[in-house]
Amino acid sequence: MTLVIYGGCSRIKISHQMLFAAGGFRRFDLPNGSYTTHGGVMKLWIRSLYCALLGLCLIPGKAFAQVEISAMPTAKRAQIEIMLTQELQHRLSTAKRITGQAGNVGLKVSLDARSGMLIIDLSKEYVPYGAQHITAEIEDSTTQLANTASELLRGVVQLNGVLIHIDGKDIDKYFEDKEIVKPISAKSTLITGAAGKVVVSAGHGIYYHYGFNDWRAQRDPSNGITEDFITPGYATELHNLLVQRSDASVYLARSIGTHSHMPSDEAWWKLGARYSLQEAYPQVRGIWLSYPKSTEALRERNDDIMSRPKYANHLGANTLIHLHTNAADPSATGVRAIYHAGRHADQRLANNILCYMKELIRAKEIYAGYTVPLQAEARNNLAENSKAAMPSVIVEVGFHTNPSDAMALQDPVLRAASMKGVEKGYRLNVEGKTVCEPFKIESIPSASGPHNSSFPLSFNYKGYPQFPVRAKMENVNCPSGSTCTGGEVTYETKIPSPLLATFSCSGDGPPRTSKWRTILTDADEVKATPVEYSVTCGSGSGGQILNSAFNGKRPAASMRTN
Numbered sequence: 144m145t146l147v148i149y150g151g152c153s154r155i156k157i158s159h160q161m162l163f164a165a166g167g168f169r170r171f172d173l174p175n176g177s178y179t180t181h182g183g184v185m186k187l188w189i190r191s192l193y194c195a196l197l198g199l200c201l202i203p204g205k206a207f208a209q210v211e212i213s214a215m216p217t218a219k220r221a222q223i224e225i226m227l228t229q230e231l232q233h234r235l236s237t238a239k240r241i242t243g244q245a246g247n248v249g250l251k252v253s254l255d256a257r258s259g260m261l262i263i264d265l266s267k268e269y270v271p272y273g274a275q276h277i278t279a280e281i282e283d284s285t286t287q288l289a290n291t292a293s294e295l296l297r298g299v300v301q302l303n304g305v306l307i308h309i310d311g312k313d314i315d316k317y318f319e320d321k322e323i324v325k326p327i328s329a330k331s332t333l334i335t336g337a338a339g340k341v342v343v344s345a346g347h348g349i350y351y352h353y354g355f356n357d358w359r360a361q362r363d364p365s366n367g368i369t370e371d372f373i374t375p376g377y378a379t380e381l382h383n384l385l386v387q388r389s390d391a392s393v394y395l396a397r398s399i400g401t402h403s404h405m406p407s408d409e410a411w412w413k414l415g416a417r418y419s420l421q422e423a424y425p426q427v428r429g430i431w432l433s434y435p436k437s438t439e440a441l442r443e444r445n446d447d448i449m450s451r452p453k454y455a456n457h458l459g460a461n462t463l464i465h466l467h468t469n470a471a472d473p474s475a476t477g478v479r480a481i482y483h484a485g486r487h488a489d490q491r492l493a494n495n496i497l498c499y500m501k502e503l504i505r506a507k508e509i510y511a512g513y514t515v516p517l518q519a520e521a522r523n524n525l526a527e528n529s530k531a532a533m534p535s536v537i538v539e540v541g542f543h544t545n546p547s548d549a550m551a552l553q554d555p556v557l558r559a560a561s562m563k564g565v566e567k568g569y570r571l572n573v574e575g576k577t578v579c580e581p582f583k584i585e586s587i588p589s590a591s592g593p594h595n596s597s598f599p600l601s602f603n604y605k606g607y608p609q610f611p612v613r614a615k616m617e618n619v620n621c622p623s624g625s626t627c628t629g630g631e632v633t634y635e636t637k638i639p640s641p642l643l644a645t646f647s648c649s650g651d652g653p654p655r656t657s658k659w660r661t662i663l664t665d666a667d668e669v670k671a672t673p674v675e676y677s678v679t680c681g682s683g684s685g686g687q688i689l690n691s692a693f694n695g696k697r698p699a700a701s702m703r704t705n
């Protein structure tokens, strides 16, 4: 059996084998009929259906352009909403229930043309009996739904974010958090654009579970790694970079101690932030004890989530950066950055971080194809961001549910490159440089000079390279009867564009033109795409006498006429 969808000039087939590839069917009831497919090919299904609905052509070998929600006809948008609603409803219905949750929970998905957001509206039965705040279980459950929807539409529909509603209300407004104890010295206004204190929070960590009466990680092992134990290495890496390159005062939410925490008999670095903050601030209970009246089995895990933004608030920090690994279907891959919906300073920071994570990660040949989007995602269900009184961003470095990502997350090369990108994004954001501008050569003008002279070459660049920067000049074409010699120049300290190098001409005779290519590489191995240019010897004037090189430097490249 092959399902064929016709849409204008496109004819899209989803084969019987593809439908069965992941082991079963899913039925979708649309206004123009019922179709059956499987969640394993949902993304292809949505891509194919959407193309057909809009009468678009799929051109083999070309990427499918993302469509903005506002550009989608209302009727076509409704088709996608129905499919997503049914897929997410299936996942919710088959997922493990949150303690105290009703048996029948409904949901509806809508795509908001005005905001560019996908909204998942859960029925009030979703809320566990007696719940007065967004618990860790609610965060996990709603994030799973948000990630599923986001990843299914990735590359197909351009989303600005995913919002969770309950009974028509923003989830953050639905709960009143009556039990929360306010931390001492908490800030109530957003701090923007100021350098200084940065809190780096490694995601998760061991906590005490009152149901099982044991100490356990917040995340299950996946593809050989456990998120709780991967993130501290990233936090330490970022801490060091922020101190060295941003001259920031950096505070870690989780301990880096290797000695034992007596109650758990585990090394301190493995524990959640709640416990190190309790040790450091025993009298400021509001930081690490948000729900003192709670009897929930996961109450200390709930405290742990809240302790991170509350710690940053207590310090009066200027920025809060959370480091995590992500979870979704196994095909989801790469970096994501998440900010709290409606907070523009946080969004700018998140987008800046993504820009330079992409630059730094892809500078490594082994990770040249690693997925790093340029736009961060808005969410409204994550307390780590929503409770922070300063710009706060969650950085998901990769998916531990993806086997390739899980291997990469253990690689010191990815760890160093990704955290250099986070640091650079933070530093440039503080400096007010919020337009994504990766390192590149803007232009290299052709140059000329008389024989037996030296003159400057100008390498005009854009972006923010990490110095020292190395310029390598390679000859592409040398005229007959001449000898062309390339070379390198290293610029040790930060120099604004242009970078200058010296070219020398020797010999005599008529003018001769050679072709050259220059490659710029910064200290982090970010390479600007090479640019070619020409140099003519025996033409023009203004060069300096040979051996009296430009700016006192030895010639970096030369041409000698034999």
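Here the numbering used here = 1-based position in the sequence shown + 143.
Every residue gets a Cβ at the ideal spot worked out from N, C-alpha and C, and that includes glycine.
Residues bridged to residue i [DSSP beta-bridge criterion]
i, result
"residue 523", "Beta-bridge pairing links residue 523 to no other residue."
"residue 305", "261"
"residue 404", "409"
"residue 368", "365"
"residue 227", "Residue 227 is not bridged to any residue."
"residue 500", "Partner(s): none; residue 500 has no beta bridge."
"residue 255", "260"
Given residue i as reference, the closest of the options once Cα atoms are compared
i, options, result
"residue 455", "656, 603, 311 and 526", "526"
"residue 534", "558, 422 and 482", "482"
"residue 237", "274, 474, 284 and 216", "284"
"residue 341", "317, 368 and 378", "378"
"residue 474", "297, 247 and 656", "297"
"residue 646", "653, 657 and 652", "657"
"residue 314", "529, 653, 609 and 601", "529"
"residue 476", "278, 704 and 293", "293"
"residue 251", "281, 311 and 500", "311"
"residue 272", "299, 655, 240 and 260", "240"
"residue 618", "609, 611, 629 and 419", "629"
"residue 393", "343, 649 and 623", "343"
"residue 317", "354, 277 and 302", "277"
"residue 259", "215, 641 and 649", "215"
"residue 498", "419, 515 and 269", "515"
"residue 605", "558, 593 and 578", "578"
Rounded C-alpha distance that separates residue i from residue j
i, j, result
"residue 492", "residue 679", "46 angstroms"
"residue 603", "residue 639", "9 angstroms"
"residue 459", "residue 659", "53 angstroms"
"residue 266", "residue 436", "27 angstroms"
"residue 705", "residue 655", "11 angstroms"
"residue 356", "residue 428", "23 angstroms"
"residue 699", "residue 574", "33 angstroms"
"residue 345", "residue 466", "5 angstroms"
"residue 369", "residue 468", "9 angstroms"
"residue 666", "residue 609", "5 angstroms"
"residue 624", "residue 301", "57 angstroms"
"residue 218", "residue 230", "19 angstroms"
"residue 389", "residue 489", "18 angstroms"
As assigned by DSSP and simplified to three states, the class of residue i
i, result
"residue 419", "helix"
"residue 572", "helix"
"residue 675", "strand"
"residue 409", "strand"
"residue 698", "coil"
"residue 452", "helix"
"residue 610", "coil"
"residue 279", "helix"
"residue 218", "helix"
"residue 651", "coil"
"residue 295", "helix"
"residue 469", "strand"
"residue 313", "strand"
"residue 377", "helix"
"residue 547", "helix"
"residue 487", "helix"
"residue 383", "helix"
"residue 704", "strand"
"residue 149", "For residue 149, the predicted model reports a pLDDT of 33, less than 50, meaning its position is unreliable; a value from the coordinates is still stated below. Of the three classes helix, strand and coil, the one that applies to residue 149 here is strand, per DSSP."
"residue 556", "helix"
Residue i Cβ short of 7 angstroms to the ligand COA heavy atom set
i, result
"residue 616", "With respect to the ligand COA, the structure shown offers nothing to examine, as it has no ligands at all."
Spell out a yes or no on whether the stretch 559-567 and the stretch 591-603 are touching, meaning 3 or more CB-CB pairs, one atom from each, closer than 8 angstroms. No: the two stretches stay apart, fewer than three of their Cβ pairs being nearer than 8 angstroms.
Would you say the stretch 631-650 touches the stretch 530-548, given that touching needs at least three Cβ pairs under 8 angstroms? No, because fewer than three Cβ pairs between the stretch 631-650 and the stretch 530-548 fall closer than 8 angstroms, the two stretches do not touch.
Do the stretch 657-673 and the stretch 583-590 touch if we need at least three Cβ pairs shorter than 8 angstroms? Counting Cβ pairs under 8 angstroms, three or more are found: they touch.
Would you call the stretch 227-236 and the stretch 270-290 touching, i.e. three or more CB-CB distances under 8 angstroms? With a cut-off of 8 angstroms, the stretch 270-290 and the stretch 227-236 count as touching, because enough Cβ pairs lie within range.
For the stretch 239-248 against the stretch 295-311, do three or more pairs of beta-carbon atoms, one drawn from each stretch, fall closer than 8 angstroms, so that the two count as touching? Pairwise C-beta distances place the stretch 239-248 out of contact with the stretch 295-311, as fewer than three of them are shorter than 8 angstroms.
Meets three-Cβ-pair contact criterion under 8 angstroms: the stretch 344-351 and the stretch 441-450: Three or more Cβ pairs closer than 8 angstroms define a contact, and the stretch 344-351 meets that threshold against the stretch 441-450.
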